[in-house]
Each structure stands twice: as structure tokens, then as C-alpha cells.
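Participant: One structure, as C-alpha cells, below. Some questions next.
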Amino acid sequence: QTLVTNNPVPQELVAVNDSFGESGTPAQLMEKYGLNADAIVAAAQKVISRK
Numbered sequence: 024q025t026l027v028t029n030n031p032v033p034q035e036l037v038a039v040n041d042s043f044g045e046s047g048t049p050a051q052l053m054e055k056y057g058l059n060a061d062a063i064v065a066a067a068q069k070v071i072s073r074k
């Protein structure tokens, strides 16, 4: 967010949405909340396609 304040470029946030937490292994939770490698790659590809 700091970067795009001075240099407007497309961005896609990868974060945990407002929801109740759950229990699980770190890998399960990262998968559930879209914080695994596949989700991050998909977000990056989405931004690149908008450029």
C-alpha cells in the first residue's frame, strides 16, 4: 500500500478477510484463507493481467 501511494500501479491484496478463526494445522489454515503459494500466484497473475 505504501508503494502505490506514490507510484499508482495495479494491486491485489492477499490477506485474511474478516472472519472467525478456526483450528487446524498451519497448512490447512493457509489453504482455507487463501494464503498458500497457489493463491498468491493467482493474485499475482490477476494483477499482471490488469497491467
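With the sequence shown counted from 1, adding 23 to any position gets you our numbering.
The beta-carbon is built from N, C-alpha and C at its ideal position, and this holds for glycine as well.
Should serine 42 and tyrosine 56 be called a contact, given that it needs their Cβ atoms to be closer than 9 Å?
Facilitator: Yes, these two residues count as a Cβ contact at 9 Å.
Participant: Need the endpoints of the alpha helix (DSSP H) that glutamine 34 sits in, please.
Facilitator: Where glutamine 34 is concerned, there is no enclosing alpha helix (DSSP H), given that its DSSP letter is neither H nor E.
Participant: Tell me whether the beta-carbon of leucine 58 lies closer than 9 Å to the beta-carbon of valine 70.
Facilitator: Taking 9 Å as the Cβ cut-off, leucine 58 and valine 70 do not qualify as a contacting pair.
Participant: Just to confirm, are isoleucine 63 and valine 37 a CB contact at a threshold of 9 Å?
Facilitator: Yes, the pair counts as a contact, with Cβ atoms nearer than the cut-off.
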